[in-house]
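Protein chains in written order, with UniProt numbering: chain A, 1 to 469; chain B, 1 to 234.
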């Protein structure tokens, strides 16, 4: 029998192999039902040996979990499918630069007539890699220098050092990541960082020094994360004209919190998805493991997308959050929520909504925000099939509210307070997708329901970021 | 914060309080654990008037002068220069000695200053901040040449300062005879605090006590301007 090279398989199924022919770099082909192929498909094969070539520092036992499934294949198509899956699994570990699969007939004394040997030829990443990136956060840009030690101890552990210098903040940090052998989605990471930020909308300057430990694991269809974090926060006023309310927040505090997050993401992409939904629920309890800050914080994010006729997509999203102080200390400005800006309620200036004092925005303890979008291709579809596909037009409607709650009153009073004085806006704009990481928008917004003290940005507004309402 | 404030800060704060009371201005004293960080200059005390925030005695005197209240208007230029000189003496000698005793003397730092400074914060933040403050003050002491001084030398400096003040005061009620000025407020703030603050040893207070006219000066100001308020602190 001939040699079958199965390389770079992406979507299956692929063309059935003819004997003696190599099928290289096949993409998105369909099965041609040939009588010869049927014979091959039905033929029982046994995978006798699965080898991984090219290992240096990676430990063998660690990889055995990823390739175990290949042994279960019963026929040739199954072998190819499982090999492909094993290849994807090996790649997602983040320790190999390249993985190639070679399926061959068995050789040697033990070779069965229908035996197959599968070999994975891998190229490990270098011990030390440096990187330089530019990053887009929520309406800010930064330069990131990184040093990474992938696969440090042979079982896909990763040590990362990062230094980032941006328009709004400077930070550096070190992070250690270790997955569980055999279950990559269960992993633990330990981080230490120092982040400084400037927030001109509040005339506030914040420096955080913290350490955190995070444990992630999948549970049924969700991804869960448990985290403990300790942060030393230093707040100061930015400029001499800061309001007294901001001055009162200056100083040091220590927050030690436990948090839990649950994410269900069925979208096909995180930037401009066409279908699927997202549900993210996050809670944080601070104060019971030490520290000065004591609160319970809840927030959630829901997004649903659906494709309509003519390549347009309708998308609805809802965000909300609640900060409940525990004990008689009031909440700290560093823990409160902010709303407004090109990434949340468009038409308003960045985080310039809600409670404020002398022009400095103080944030709120409860908020909700909703958005309804209709994405369509650009009118007249210029540059179709190429550059033009990165752009979309969108029509949007955003609404939301941010306020402080008096926790002595009941939930009825709170709902009433969140429902009055709703800010909302509508408009249209152009969205540009940047790879799979970020998106850039240019919108024409009309803000409505503006309350006194809010700062608006009616007319054209530009925004860049990763998380948009 | 009665269990947080330190000697030097309380002295500065009392000086400003005395000055404002002498001007006849109504004041309300508020204690905040983060007052040091709230202040625009990083030093306490500061006053919050309307929209404005002014910190430390010098700027406060300027501020009130601009608003029309002043205690030193009747002084002539020579006297004003003399007043400034004595105020500088208090800052350079008394205040620096207070800081030295608080932070550079290991016993005082360990038993009193660090625990008090870190009291509003939880562990380990309180310890970190207290040690940071200690290093900062010690660095400053080294920079002005006090790093090598012993406690005895510092007590002697306090003695000499008190001697100079005592001589200037003589038998007058105030430094410039009949009228209280900012110098009186400043001296009162520091001396009264030294007399009434409990430290690891009573040496500092003893040096001041040996000058009886300074003692009666403090008592007089307390009775005249602070009769409605209990000033004693531990």
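Note that the Cβ used here is the ideal one computed from N, Cα and C, for glycine as well.
Contact annotation: residue 164/B and residue 71/B have beta-carbon atoms that are not nearer than 8 angstroms.
In this structure residue 284/A is buried. Its beta-carbon is surrounded by 16 or more other beta-carbon atoms within 10 angstroms. Taking 9 angstroms as the cut-off between beta carbons, the residues of the UniProt domain "Thioredoxin-like fold" (12-107) of chain B near chain A are 32, 33, 34, 35, 36, 37, 38, 39, 40, 48, 51 and 53, in sequence order.
Under the 10 Å beta carbon count, residue 37/B is surrounded by 16 or more other beta carbons and is classified as buried. DSSP links residue 164/A through a beta bridge to 144/A and 171/A. If you draw a straight line from the Cα of residue 59/A to the Cα of residue 83/A, it is about 20 angstroms long.
Taking 8 angstroms as the cut-off, the beta carbon of residue 108/B is found closer than this to the beta carbon of residue 199/B.
Around the CB of residue 447/A, 16 or more other CB atoms lie within 10 Å, so the residue is classed as buried. Put simply, of 295/A, 145/A and 255/A the residue whose alpha carbon is nearest the alpha carbon of residue 162/A is 145/A. Counting only runs of 4 or more residues that sit fully inside the segment 145-178 of chain B, the alpha helix (DSSP H) segments are 151-169, in chain order. Close to chain B, meaning a Cβ-Cβ distance shorter than 9 angstroms, are the following residues of the segment 249-260 of chain A: 249, 250, 251, 252, 253, 254 and 256. At a cut-off of 8 angstroms between beta carbons, residue 131/B makes no contact with chain A.
Chain A places no beta carbon closer than 8 angstroms to that of residue 212/B, leaving this residue out of the contacts. DSSP, reduced to helix, strand and coil, places residue 62/A within a helical segment of the structure shown. Residues of the segment 234-247 of chain A that bring their beta carbon within less than 7 angstroms of a beta carbon in chain B comprise 236, 240, 244 and 247, in sequence order. Residue 97/B: member of the alpha helix (DSSP H) spanning 96-99, first to last residue. Listed by position along chain A, the residues whose Cβ is nearer than 8 angstroms to that of residue 174/B form an empty set, because the closest Cβ is around 35 angstroms away. Residue environment: residue 268/A is assigned as exposed (fewer than 16 neighbouring CB atoms within 10 Å of its CB, all protein chains considered). Fully enclosed beta strand (DSSP E) runs of no fewer than 3 residues occupy 276-291 of the segment 269-296 of chain A, in order along the chain. Contact annotation: the segment 7-19 of chain B touches the segment 99-114 of chain B, with at least three C-beta pairs closer than 8 angstroms. Using beta-carbon distances, residue 370/A does not count as an interface residue toward chain B, since no partner is under 8 angstroms.
Residue 205/A and residue 166/A have their alpha carbons spaced roughly 14 angstroms apart. Between residue 160/A and residue 175/A, the beta carbon gap of about 5 angstroms places them in contact (Cβ cut-off 8 angstroms). Per the DSSP secondary-structure output, residue 121/A pairs in a beta bridge with 53/A and 100/A. Here DSSP, grouped into helix, strand and coil, assigns residue 404/A to coil. Around residue 328/A, no beta-carbon contact reaches into chain B at under 9 angstroms, the shortest distance being about 14 angstroms. Residue 29/B and residue 182/B have their alpha carbons spaced roughly 19 angstroms apart.
Put simply, the backbone Cα of residue 202/B is about 18 angstroms away from that of residue 218/B. If you draw a 10 Å sphere on the C-beta of residue 143/A, you find fewer than 16 other C-beta atoms in it, and that means exposed. Proximity of residue 208/A to chain B, defined by a Cβ-Cβ separation below 8 angstroms, is not satisfied. Setting aside the 5 residues that flank it on each side, residue 302/A is surrounded in the same chain by 279 and 318, each with a C-beta closer than 6 angstroms to its C-beta; the list follows chain order.
Here DSSP, grouped into helix, strand and coil, assigns residue 411/A to helix. Of the residues 167/B, 59/B and 159/B, the one whose Cα lies closest to the Cα of residue 20/B is 59/B.
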